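Enquirer: Protein chains in written order, with the working numbering: chain A, 18 to 331; chain B, 18 to 331.
Beta carbons: idealized from backbone N, C-alpha and C, even for Gly.
These figures come from a predicted structure and were not determined experimentally.
(1) Enumerate in chain order the residues of its own chain whose CB-to-CB distance from residue 138(B) is below 6 Å, with the five nearest sequence positions on each side excluded.
(2) Return the residue from the list 144(B), 283(B), 127(B) and 220(B) that minimises the CA-CA distance to residue 301(B).
(3) Could you tell me whether the Cβ of residue 132(A) comes closer than 8 Å to any Cβ of chain B?
(4) Once the 5 residues before and after residue 195(B) are set aside, which same chain residues still bring their CB inside 8 Å of it?
(5) Nearest CA to the CA of residue 80(B): which residue from 112(B), 129(B) and 275(B)?
(6) Please work out which residues of its chain come closer than 7 Å, Cβ to Cβ, to residue 28(A), disregarding the five sequence neighbours upstream and downstream, and give them in chain order.
(7) Measure from the C-beta of residue 146(B) to each C-beta in chain A and report whether the shortest distance is under 8 Å.
(8) Going by the DSSP bridge assignment, what does residue 34(A) pair with across the sheet?
(9) Please classify residue 201(A): is it buried, with 16 or more other beta-carbons within 10 angstroms of its beta-carbon, or exposed?
(10) Would you mind reading off the limits of the beta strand (DSSP E) that contains residue 121(A)?
(11) State yes or no: is the beta carbon of residue 58(A) nearer than 8 Å to at least one beta carbon in chain B?
(12) Assuming residue 210(B) contacts residue 181(B) (C-beta within less than 8 Å), just tell me the rounded distance between them.
(13) Give the interface partners of residue 157(A) over in chain B, defined as CB-CB distance under 8 Å, in chain order.
(14) Any beta-carbon of chain B closer than 8 Å to the one on residue 73(A)?
(15) Quick one: which residues of the region 82 to 99 of chain B get their C-beta closer than 8 Å to a C-beta of chain A? List them in chain order.
(16) Comparing C-alpha positions only, which one of 233(B), 318(B) and 258(B) sits nearest to residue 327(B)?
(17) Taking the C-alpha atoms as reference points, what is the distance between residue 26(B) and residue 19(B)?
(18) Quick one: does residue 208(B) have its CB under 8 Å from some CB of chain A?
(19) Roughly how far, in whole angstroms, is the beta-carbon of residue 161(A) from the beta-carbon of residue 247(A), given that I think they are within contact range, below 8 Å?
(20) For residue 100(B), which beta-bridge partners are listed by DSSP?
(21) Please check if any C-beta of chain B sits within less than 8 Å of the C-beta of residue 346(A).
(22) Per DSSP, what kind of secondary structure is residue 93(B) in: helix, strand or coil?
(23) Please list, in chain order, the chain B residues whose beta carbon lies closer than 9 Å to that of residue 64(A).
(24) When you compare the CB positions of residue 157(A) and residue 55(A), do they come within less than 8 Å of one another, or not?
(25) Please report how far the alpha carbon of residue 286(A) lies from the alpha carbon of residue 304(A), in whole angstroms.
(26) Please list, in chain order, all residues of the same chain as residue 257(B) whose beta carbon is under 6 Å from its beta carbon, the five residues on each side excluded.
(27) Please decide whether residue 346(B) counts as near chain A, where near means a Cβ-Cβ distance under 8 Å.
(28) Below 8 Å on the Cβ atoms is my guess for residue 164(B) versus residue 250(B); work out the distance and round it to an integer in Å.
(29) Which residues in chain A sit within 7 Å of residue 136(B), going by Cβ to Cβ distance?
(30) Between residue 311(B) and residue 322(B), what straight-line distance do the alpha-carbon atoms span, to the nearest angstrom?
(31) In three-state DSSP terms, what is residue 227(A)?
(32) Using the C-alpha atoms, what's the distance from residue 229(B) back to residue 237(B)?
(33) So, residue 100(B) versus residue 150(B), is the Cβ gap smaller than 8 Å?
(34) With DSSP as the reference, label residue 295(B) as helix, strand or coil.
(35) Do the CB positions of residue 155(B) and residue 94(B) come within less than 8 Å of each other?
(36) Considering just the uninterrupted stretch of the alpha helix (DSSP H) at residue 40(A), what are its terminal residues?
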């Protein structure tokens with residue numbers, strides 16, 4: 018069983034590149050205020066066997082942990098810069114697995130301009146468990162919430178939906194019929210989602226409400242409707258699909274298949290409302306905001322029964 | 018098994034009292050910068066059976082989780098104001114245990130002026146695991162590190178040492194001979210340490226180096242010596258003891274007993290170096306800073322062999 022002091026000294030200290038981290042020698046990170054900016058914070062946890070598959074490689078687990086948190090920052094238009102990390106290692110997580118986990122962190126630190134800032138490593142008799150607290154800066158007083166959607170706004174989403182959900186099945190060997198290349202692409206969409214930090218700031222400038230799509234497109238749209246006190250109308254056929262998801266859908270009942278793609282979750286795209294004509298390039302209109310409450314879903318102009326939408330009415 | 022949405026809505030949303038928390042409805046907390054102040058962040062994790070006893074009441078586990086983090090902020094002179102929380106519930110943690118955990122958070126939020134700001138709750142097939150990311154403000158550019166101790170400084174500690182270590186034994190039924198009252202006092206010192214937020218700011222104003230005593234007085238003194246590139250001389254007999262620890266010590270070999278109290282850890286006092294005459298009231302001088310390296314421990318003016326000090330030379 019590797020020692021925690023040695024784990025920190027050899028694997029984590031090299032990742033603490035920012036001066037705010039104080040070389041992980043000080044139990045705390047110290048972050049000077051930045052006048053004109055707000056600090057945006059988010060924290061998500063993952064558990065082996067619950068949020069990832071037991072044989073997922075540790076480096077990809079590390080990168081997905083960072084990315085699901087980065088997705089929350091992206092949806093708020095924040096520019097990420099660092100994170101605190103807590104890891105509970107099970108006994109089977111020896112030096113090699115720990116080093117692989119740290120290597121994954123290093124890769125995505127480089128990809129996203131992050132520094133490790135602090136945290137804690139402990140041992141556990143249970144499954145591998147980790148949480149990351151991600152920090153980003155955003156223009157002061159201009160971080161969109163979920164609560165600002167206005168009647169007359171349009172509803173948009175970035176990228177494509179359903180790939181994460183298909184990717185989980187692909188990773189478990191359930192989509193062989195789509196061919197090796199599609200299986201590989203979808204598996205990576207599940208294991209290594211790409212947070213939309215590219216579009217986040219431009220969206221935050223014009224959006225009235227934003228959320229990242231983690232629970233599923235329909236569930237997250239319902240959250241915006243509820244928080245904003247408005248009704249969202251969403252056209253299922255407008256939800257953008259990847260070529261791989263379209264190929265999968267061709268072998269399914271069209272409505273049932275679309276519902277599955279739009280409720281599966283793990284998309285890590287940005288869902289947002291904005292006045293007509295204001296959405297940046299690279300986003301797809303999928304509906305509109307009207308007076309009322311709740312989410313109204315249509316497929317080819319016909320209403321879909323709410324009991325078929327398959328998301329929690331929280 | 019309680020639902021996570023319901024857990025958040027019923028137990029955690031009432032704890033998100035600060036506007037920065039956005040009612041836990043937004044996946045992120047948004048914190049305006051405060052010109053003239055630095056944000057101090059720390060994150061610690063606890064695992065059932067590793068960091069607390071399996072039958073420790075959930076409300077006390079919650080409070081200790083906050084307090085061990087608050088102790089890190091106290092040692093840096095920061096004024097705490099909020100935290101993000103990640104909790105992994107095992108199946109046996111039903112509604113009643115979750116409510117007790119939230120009640121413990123509520124109690125210490127009131128005691129320390131905290132708001133829950135965000136986080137994540139998940140289920141786990143393993144033991145109860147939680148991490149907290151605590152946030153505090155401190156005067157800009159004046160947060161002491163571990164690395165500033167200077168030859169000529171004195172070494173000080175707040176409160177008393179060894180009570181947490183004795184308290185763990187008391188909680189396990191090992192100190193009956195000290196009497197019910199002492200057992201109760203020591204058990205509470207273990208379960209509910211009191212972070213020295215009262216003394217932290219005054220210490221930070223004068224200290225050249227600070228650390229909270231979590232690993233043990235000698236280990237944390239060695240960390241300061243190493244980080245500062247100096248030698249610390251520490252007189253074991255000067256380490257302040259509670260009446261309960263003194264009563265325990267009376268039945269032990271004096272040197273071995275003192276070594277145990279000074280290496281046990283879980284004290285959550287503040288250890289610091291400062292120029293002579295500068296330490297605030299309520300702190301005890303226990304040694305001095307000289308040129309050289311490492312920690313030199315004496316007992317009644319005789320050196321104690323380093324191999325008896327019982328801490329990791331990390």
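Expert: The relevant details are as follows:
(1) 21, 24 and 104
(2) 220(B)
(3) no
(4) 187, 203, 261, 264 and 265
(5) 129(B)
(6) 115, 116 and 119
(7) yes
(8) None; residue 34(A) has no bridge partner.
(9) exposed
(10) Looking at the DSSP string, residue 121(A) is not in any beta strand (DSSP E); the run it does join, the alpha helix (DSSP H), is 112 to 129.
(11) yes
(12) 6 Å
(13) 49 and 50
(14) no
(15) 89, 90, 92, 93 and 95
(16) 233(B)
(17) 12 Å
(18) no
(19) About 15 Å separates the two Cβ atoms, so there is no contact after all.
(20) 133(B) and 151(B)
(21) Residue 346(A) lies beyond the stretch modelled for chain A, which goes from 18 to 331, so this question has no answer here.
(22) coil
(23) 105, 139, 140, 141, 142, 143 and 146
(24) yes
(25) 16 Å
(26) 177 and 301
(27) Chain B is shown only over 18 to 331; residue 346(B) falls outside these bounds and no answer can be derived.
(28) That belief does not hold up - the Cβ atoms of residue 164(B) and residue 250(B) are roughly 18 Å apart, past 8 Å.
(29) 60
(30) 13 Å
(31) strand
(32) 8 Å
(33) yes
(34) coil
(35) yes
(36) Unbroken run through residue 40(A): none, as it is neither H nor E.
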